[in-house]
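Before any comments, here is the structure.
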Amino acid sequence: MFPGVLYALLAGFLGAVASSSAKLSLGADYLKGVCETGLRSWSEPRRFTQANQTTACDWLHIPLRLLCGGLLFTCNAVMWTFLSKALRYSSSSTRTTVTTTASNFISSAFLGQLIFGDSHVALWWVGISLTLSGLLVLQRASPSDAQPEGEKTTSESARGAERAERAEKTA
1 MFPGVLYALL AGFLGAVASS SAKLSLGADY LKGVCETGLR SWSEPRRFTQ
51 ANQTTACDWL HIPLRLLCGG LLFTCNAVMW TFLSKALRYS SSSTRTTVTT
101 TASNFISSAF LGQLIFGDSH VALWWVGISL TLSGLLVLQR ASPSDAQPEG
151 EKTTSESARG AERAERAEKT A
């Protein structure tokens with residue numbers, strides 16, 4: 001069970017990283033602004049006399065966007081791999097879905113704050129808590145893997161037959 005939970009947590013985190021990468025690669029000049037801020041802090045400010053002169057950020061944001069696009073596809077591929085492993089190792093697909101969704105929501109909140117400076121009001125956290133609570137209720141209400149009384153699987157029947165044979169031999 002533990003490997004399934006770990007894979008589900010990683011899948012949720014990678015989903016959040018993929019969505020942040022998409023926002024960076026397709027967003028409105030966020031990378032260009034970060035580049036200009038970084039260049040200003042690393043080098044002394046340069047004053048251009050002509051308005052048509054360009055800075056390194058005018059062309060550097062394009063490869064950065066392409067890099068974020070590649071990160072988007074890579075994170076999605078690895079996320080789907082981890083999600084399928086989580087489903088394989090978990091005893092319940094509902095538990096895996098709840099864990100992945102919770103991990104994705106919380107990771108998205110922290111990445112949004114870290115990368116984009118997003119601030120989430122208390123109402124946002126209340127909404128996420130209600131959503132996760134609803135998912136937990138669904139998980140608890142899902143049918144269990146227990147079999148109805150009286151039905152045996154083939155392995156249980158085989159074990160019963162082996163016990164009967166051993167009892168006959170010892171008697």
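Going by the working numbering, the letters in the sequence shown line up with residues 1 to 171, in that order. We treat Cβ as the ideally placed atom computed from N, Cα and C, and that holds for glycine.
- In this structure, Gly4 places its C-beta atom within 9 Å of the C-beta atom of Ser91.
- Around the beta carbon of Ala141, fewer than 16 other beta carbons sit within 10 angstroms, so the residue counts as exposed.
- Within the same chain, Cβ atoms closer than 7 Å to the Cβ of Lys85 are found at Tyr7, the five residues on either side in sequence being excluded.
- Distance check between Trp125 and each of Ala102, Leu138, Phe116, Leu114 places Ala102 closest, using alpha-carbon atoms only.
- The C-alpha of Phe13 lies about 8 Å from the C-alpha of Thr100.
- In this structure, the beta-carbon distance from Leu24 to Cys57 does not fall below 9 Å.
- Going by DSSP, His61 is part of the alpha helix (DSSP H) stretching over 57-89.
- Rounded to the nearest angstrom, the Cβ distance from Met79 to Ala11 is 5 Å, consistent with a contact under 8 Å.
- Ile128 sits close to Phe105, with the two beta carbons spaced by under 9 Å.
- Within its own chain, the residues whose Cβ lies closer than 6 Å to the Cβ of Leu64, once the five positions on either side in sequence are excluded, are Leu31, listed in chain order.
- The distance from the Cβ of Cys75 to that of Val17 is about 5 Å, consistent with a contact at the 8 Å cut-off.
- Rounded to whole angstroms, Leu87 and Leu130 show a C-alpha spacing of 24 Å.
- In this structure, Ser20 lies near Phe116, with their beta-carbon atoms less than 9 Å apart.
- Going by DSSP, Gly4 is part of the alpha helix (DSSP H) stretching over 2-26.
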